[in-house]
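Structure below.
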């Protein structure tokens, strides 16, 4: 079979000035960004090591406007990248050359609050914490709580299948999304799932959640909310070593106790969090374990006593119960500030995201420490211990020649360790641009080709968030080369418009 050279079938150069005029007709003057200095704001997400200035940025406010933008991109053969708050840590919302960014930050309406049926319908730009704040007066909350929940959007959570401290007991985003309204890459609008817990047919909602923007743009999300527990207790346990904290977690889960959350921070992470938040963590601890229990008061009291005993058995040197809701929030504030707080102890750092079997925590952390010593770099560890989701922070100084490169290599070696122990290259941050080169470490070529069948079914032209997740080039065979990104001469585009 003859395969056409993609360069021979590449589309002609795009008239971006004309495209900009047509996009403005869809989203209005306030919904289009075309000036180069303004476009720079959108050149990266939370993974700032990777940057690419887009050709144009649109800020639609309705499903119809998103649909109009997608249809224009499809007609012009221009790639487009959906973007929420831009807090992602894997480069999933980073533009590609010549692309249009579809920023969803103006779509911030909570469309419906249905307390009797325990569901809320929101637009993708609604911030995670806003959902809980809206339903809290009724005694409910939204369970998935990423550390960035004050600034991350629900649309981005859907793209990455975000988790958080409480995913151990309550699950990830996919467990709380009932339905989606999606603009497909061809411009059609479809509804996936529905208002009930178990819609008939294929689980297309489950396929879309966590697809990292490769399958379409969601414009409405129906979320499941849960009732607040009658009792909540938070225990802080300090250990001389991180091994002891890991042993305590294994003991707790092995005893049949499923905490609402179980989080570990090592000495470096404690130092950073204390400098930023002053949460009152023991400064001389080798590691701390935060265990939150919730449920019926009698059940919580019994479980708390068992957890204390298991922590003592694992070598805890200090046990401290949060006295009230205010102290509990402060303890969690320290943990949730850990990523940003790393800037207090290092000018630069890489946030990694891998998963391992939780029983292997001590062994894996020893391997990570050994790697750090080999590379001459410090690694601060913060992780969701209950489900084995590690977040090593590789600390470096880019003013030192070669140190950034060593940090990137070390971060990659950590992922290989995770896979080697039977784990995964990502737990919640996604693959995006950062980890796509490590997909073959975890998946065979046959696995990835099977994945591509799904992507090609939704997104045959590969216009929607191209170049992410999978090693490239990967085109759908029936259109080789047709939708490759176009070269863009940014100079003068905004002026011509």
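Residue numbers (my numbering): 740 to 1236.
Glycine included, C-beta positions come from ideal geometry on N, C-alpha and C.
Query	Result
For residue 1114 and residue 1138, the rounded distance between their alpha carbons	16 Å
Bridge partners - residue 1120, DSSP secondary structure assignment	1131
The alpha helix (DSSP H) enclosing residue 1064, as first and last residue numbers	1064 to 1075
Boundaries (first-last residue) of the beta strand (DSSP E) holding residue 1253	The first residue shown for the chain is 740 and the last is 1236, placing residue 1253 beyond what the model contains.
Assigned secondary structure, residue 797 (DSSP; H/G/I helix, E/B strand, else coil)	strand
Alpha-carbon to alpha-carbon, residue 1041 and residue 830	44 Å
Own chain, CB closer than 7 Å to residue 929, minus 5 neighbours either side, in chain order	921, 923
Residue ranges of each alpha helix (DSSP H) within the segment 784 to 851, 4 or longer	802 to 815
Neighbour-count burial assignment, residue 1068, 16 or more Cβ in a 10 Å radius	exposed
Rounded C-alpha distance that separates residue 938 from residue 932	6 Å
Closest Cα partner of residue 964 within the set 793, 1112, 1207, 861	861
Reduced DSSP category for residue 961 - H, G, I as helix; E, B as strand; rest coil	strand
Among 1127, 968, 855, the one whose alpha carbon lies nearest that of residue 1039	968
Cβ neighbour criterion (16 or more within 10 Å) applied to residue 953	buried
Residue 984 versus residue 1050: straight-line alpha-carbon distance, rounded	8 Å
Cβ distance (whole Å) where residue 767 is taken to contact residue 826 below 8 Å	With 8 Å as the limit, residue 767 and residue 826 do not qualify as a contact, their Cβ atoms being about 26 Å apart.
Residue 981 versus 879, 1120, 1087, residue with shortest Cα-Cα distance	1120
Run of the alpha helix (DSSP H) containing residue 1114, from where it starts to where it stops	1100 to 1114
Residues of its chain near residue 1230, where Cβ-Cβ distance is below 7 Å and the 5 sequence neighbours each way are ignored	Legend: pLDDT at residue 1230 = 35, less than 50; position of this residue unreliable, value from coordinates given subsequently. Within the same chain, residue 1230 has no close Cβ partners at all.
Alpha helix (DSSP H) segment containing residue 947, residue limits	943 to 947
Sub-9 Å separation of residue 990 and residue 1128 beta-carbons	no
Bridge partners - residue 1004, DSSP secondary structure assignment	1027, 1121
C-alpha gap between residue 1214 and residue 873, whole angstroms	43 Å
Nonlocal neighbours in the same chain, by C-beta distance under 7 Å from residue 757, ignoring five residues either side	none
Which listed residue (1066, 821, 996, 1001) has its alpha carbon closest to that of residue 1045	996
Cβ-based burial, residue 1153 [other Cβ within 10 Å; buried from 16]	buried
Whether residue 975 touches residue 1060 by CB criterion (9 Å)	yes
Contacts around residue 1083, its chain only, beta-carbon distance under 6 Å, and the 5 residues preceding and following it disregarded	1011, 1014, 1015
DSSP three-state assignment for residue 982, whether helix, strand or coil	helix
Burial state of residue 748 (16 or more Cβ within 10 Å)	Low local confidence applies: a pLDDT of 41 at residue 748 is under 50, so the model's placement there is unreliable, with the coordinate-based value given in what follows. That one is exposed.
Reference residue 918; option with closest CA among 845, 835, 942, 895	942
Boundaries of the beta strand (DSSP E) in which residue 1057 is found, first to last residue	1057 to 1060
Simplified DSSP state of residue 1235, which is helix, strand or coil	Note on residue 1235: pLDDT 34, under 50, position unreliable in the model; no value is reported.
Supposed close pair residue 1125, residue 971 - CB separation, criterion 8 Å	Actually they are not in contact, since the Cβ atoms of residue 1125 and residue 971 sit about 16 Å apart, beyond 8 Å.
Sequence-distant residues of its chain with Cβ nearer than 8 Å to residue 1091 (five each side left out)	1129, 1130, 1131, 1132, 1133, 1150, 1153, 1154
Residues that DSSP places opposite residue 866 in a beta bridge	892
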